[in-house]
C-alpha cells in the first residue's frame with residue numbers, strides 16, 4: 013500500500029487537488045482511500061456529490077468503544093473510492109492537533125490497515141504548526157509527500173516549512189511541488205526559483221480556471237464533471253506520477269535565503285546598523301515561587317494536587333477540579349491519606365479533610381479535542397444548585413494544553429449567580445510547577461478573592477505557613493492559639509489551611525502576623541501579605557524547642573503590652589522542659605550522637621542533646637531539591653552543609669565513627685551498631701519538642717541489637 017500526504021498553506025487548494033487526484037486514480041482502477049485531516053471535514057465532499065459524512069472524532073465522542081465499527085466512518089465515493097473525515101473541534105475550542113492524533117489512533121484500532129487499499133491520500137490541514145498536524149509526516153504513515161503552493165510568498169513560505177518538517181523525520185520522501193496558480197503573472201517564475209533552490213521538481217501545474225468553480229457548484233470533482241478537459245488530463249498525468257512514486261530529498265532554505273530566492277531581494281545589502289534603543293520601562297507582575305520553580309530544579313509533585321491540599325482544608329469552600337478522574341482521585345487521596353495518618357498516630361485530622369466537598373468535570377480524550385468548558389460549567393452549576401456559595405476551581409494539565417477560556421465561563425455563571433464567589437486557580441499540573449507552587453498559588457489566589465482590605469484591626473495574630481498535610485497541623489495550630497490567649501490576644505487566621513471563609517475574609521484585621529516555620533511557603537506568603545495588604549510580621553518565627561518558643565512569645569507579648577503574662581508562661585515552660593529531661597538523662601548521658609538532617613533548624617534537637625549530656629560527633633545538613641527549606645535562618649547550633657552528592661561520604665564517616673545514635677531525616681544502611689531515629693518533616697512546635705522526641709531515642713538504645721526471632725531459627 014502506498015501512502016501519500018498532500019500538504020500546503022491553508023486555503024491553497026489542497027482538498028481540491030487531493031479529491032481530483034483520488035478521482036483520477038480511481039478511474040484507473042486503483043483502490044484509493046482519502047482521509048481528510050482538517051476540522052472543516054470537507055476534504056471528500058466532491059467525491060460524494062457534495063454530501064457530508066460522519067467524522068471520526070464525532071464518532072469517537074458519541075459512540076461507546078464496544079459499539080464502534082470501521083464501516084460507520086468510512087464512506088464510498090466516486091468510482092468506489094473510500095472517504096474518511098477526521099473532523100475536529102469548534103473554532104477556538106479544544107485542540108485540533110490532538111484530534112488528528114486521536115483520529116489516526118482510532119482508525120488503527122478499528123483495523124483500517126486490513127481494508128484492501130492500494131493508495132491512501134492524506135489531505136492535511138495548512139502548515140506543519142504542531143505535532144498533531146505532523147502525524148502524516150511520520151514514517152509509519154506517509155511514504156511520499158506532495159506540496160501544494162501558489163506563487164505567493166506566504167504560500168511558498170509554508171511549503172518551505174513543510175520541507176523543514178519532513179526533514180525532521182525521513183527527508184527522502186518528497187514527491188514534488190504541485191503549482192496551483194492564483195493568476196499572477198510572476199507566480200510561475202517565483203515557484204520555479206524556489207523549486208530550483210531546494211531541488212524539488214514541479215510535478216503538476218494548474219492554471220486558475222472556472223471549471224473548478226463549475227464542478228464545485230454541482231458537488232463534483234473536475235475529473236468527474238469535465239472528463240475531457242485539459243485540467244482533467246493534468247490530474248490523470250499527476251495520478252501516473254503518484255503511482256510511480258518517485259521521491260526527492262527534502263531541502264529547505266533559511267528565512268533570509270527564502271526571501272532572496274523568491275522575492276529577488278538582496279537581504280544582506282539592506283541590513284543597516286540600528287541605534288540602541290532605550291528599554292521600555294514596565295512593572296511586571298511579581299511571581300511568588302516555590303524553591304523548585306525558582307531554582308529550576310526537578311519538580312516534586314504537581315501544582316494541581318498542591319492547590320487541592322489547600323482548598324480541601326478550608327471549611328465552607330467547595331472544590332471543583334477540572335481534570336481527568338484519575339487526577340482528581342489522586343488529589344482527593346492526598347487529603348484522605350492525611351486523615352488516616354492522623355488517626356493512626358492518634359492525632360486530630362483537619363475536619364474538612366474528613367468530609368471534603370469536591371466536584372470533578374471528568375475530562376477525557378474527547379475533552380482534549382473538543383474542549384471541556386461546557387461540561388465544567390455544568391459541574392459548577394451543579395455545585396451551586398447543591399448550595400455552594402464559595403468555589404475554588406482548579407484546572408489541570410489538559411485544560412492548560414488546549415488553552416481553555418475558563419474566565420469567560422465564570423463571567424457567564426456570575427451573571428446568573430452574582431452572590432457566588434468562584435476562584436480560578438489555573439494550575440495546569442506540572443506545567444505550572446511543583447506541589448509547593450500549587451500550595452503557594454492557591455493560598456494567594458484564595459486570599460486575593462476573599463480578603464477585605466477595609467476591615468478594622470482586632471488585636472489578634474495571623475499564623476502564616478500552615479502545613480495542611482502534616483499530621484500535627486491541628487495540634488500545632490491549637491498550641492499557638494492557646495499560647496496567644498494566655499498572653500492576652502488570639503488567633504485571627506491560619507494561612508492558609510484548616511480555617512474557614514470568614515477568617516480568610518478578615519485576615520487583614522490582624523495587628524500582627526507570625527510565620528509558622530521559615531520555609532519557602534511561609535516566606536512567599538509573608539512577602540505577598542506584606543506587599544498587598546501591608547501586614548506587619550514579627551521578627552521571630554514559630555519554631556520547635558524551648559529557646560525559640562520563648563523568643564516569639566516574648567516578642568508578641570512586648571508588642572501588645574502583656575509581658576507579665578508571657579513571663580509566667582515562659583517560667584512554666586522552662587520548668588516543664590527540665591522536668592522532662594530528668595528521666596531521660598540516665599539513658600542518654602555520655603552517649604554519642606551523629607545528626608544528618610535536611611532542615612537547618614536543629615536547635616530544638618541540640619538543646620535536648622546538650623541538656624542530657626550527650627556526646628555530639630558531627631552535625632550535617634544535606635541540601636536536597638525535594639525540600640523547600642532554603643531560608644536564611646539564624647541558628648544557635650549551625651551544622652555543616654553538604655550537597656546531596658556527598659551522602660555517600662557522610663555514610664562512610666558514620667560507619668567509621670560508629671556513634672550510638674544517628675538522628676537523621678532519612679534511613680541509611682549503616683549496619684546494626686548504630687540506632688537510627690528519624691527527624692519529622694514537620695516537628696511539633698512548642699517548648700517540649702526535643703524532650704518528647706528524645707523518648708524515642710531511649711527506646712531505640714534500650715532495644716536489643718539483634719531481633720529475638722533469629723535465636724529461634
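Numbering (our numbering), first residue to last: 13 to 725.
Think of the CB as a built atom: it goes at the ideal place given N, C-alpha and C, for glycine as much as any other residue.
Residue 313 and residue 457 have their C-alpha atoms some 20 Å from each other. Sorting 556, 557, 530, 559 by C-alpha distance to the C-alpha of residue 550 places 530 at the top.
The segment 48-56 makes no contact with the segment 182-189, as fewer than three CB pairs between them are under 8 Å. In this structure, residue 680 lies away from residue 691, with their beta-carbon atoms at least 8 Å apart. Within 10 angstroms of the beta-carbon of residue 450 lie 16 or more other beta-carbons, which makes it buried.
Residue 342 and residue 317 do touch by the CB rule: their CB atoms are close to 6 Å apart, below 8 Å. Taking 3 residues as the minimum length, the beta strand (DSSP E) runs contained wholly in the segment 95-166 are 131-136, 156-161, in order along the chain.
At a Cβ-Cβ threshold of 8 Å, residue 671 and residue 684 do not count as neighbours. Between the alpha carbons of residue 540 and residue 478 lies a gap of roughly 15 Å. Comparing C-alpha distances from residue 547 to each of 700, 422, 494, 476 shows the shortest one belongs to 476.
With a contact defined as Cβ atoms closer than 8 Å, residue 59 and residue 114 miss out at about 24 Å.
Boundaries of the alpha helix (DSSP H) around residue 491: 485-498. Nearest C-alpha to residue 702 among 654, 657, 636, 591: 591. Sorting 602, 331, 627, 16 by C-alpha distance to the C-alpha of residue 254 places 16 at the top. Leaving aside the five residues that flank residue 86 on each side, the residues in its chain whose CB is nearer than 6 Å to its CB run, in chain order, 94, 96. Judged by DSSP in its simplified three-state form, residue 678 adopts coil rather than helix or strand. Ranked by Cα distance from residue 54, the first of 585, 118, 134, 121 is 134. Here the alpha carbon of residue 149 sits roughly 36 Å from the alpha carbon of residue 340. Per the coordinates, the alpha-carbon of residue 589 lies some 20 Å from the alpha-carbon of residue 484.
Just measuring C-alpha positions, the residue of 522, 516, 203 sitting nearest residue 214 is 203. Looking only at 32, 61, 27, 72, the smallest Cα-Cα distance to residue 52 is reached by 27. Beyond the five residues adjoining it in sequence on each side, residue 610 comes within less than 6 Å, by CB distance, of 634, 636, 639, 677 in the same chain, given in chain order. Annotated as distal: residue 394 and residue 384, with beta-carbon spacing of 8 Å or more.
Classified as buried, residue 207 has 16 or more neighbouring CB atoms from the shown chains inside 10 Å of its CB. By the CB criterion at 8 Å, residue 327 and residue 512 fall inside the cutoff.
Following the DSSP letters along the chain, one finds residue 410 inside the alpha helix (DSSP H) bounded by residues 409-414. The alpha-carbon separation between residue 210 and residue 261 amounts to approximately 9 Å. Contact annotation: residue 443 and residue 412 have beta-carbon atoms nearer than 8 Å. Restricting attention to 448, 596, 162, the CA atom closest to the CA of residue 200 is found in 162. Taking residue 56 as the centre and dropping the five residues before and after it, the same chain places the C-beta of 31, 46, 48, 89, 95, 97 closer than 7 Å to its C-beta, in chain order.
With a beta-carbon spacing of about 4 Å, residue 130 and residue 43 fall inside the 8 Å limit used to define contacts. Residue 64 carries a coil assignment under DSSP once its states are collapsed to helix, strand and coil.
DSSP, read as helix, strand or coil, puts residue 188 in strand. Of 263, 258, 217, the smallest CA-CA separation from residue 242 is found for 217.
Between residue 533 and residue 561, the C-beta spacing is not below 8 Å.
If you draw a straight line from the Cα of residue 674 to the Cα of residue 601, it comes to about 15 Å.
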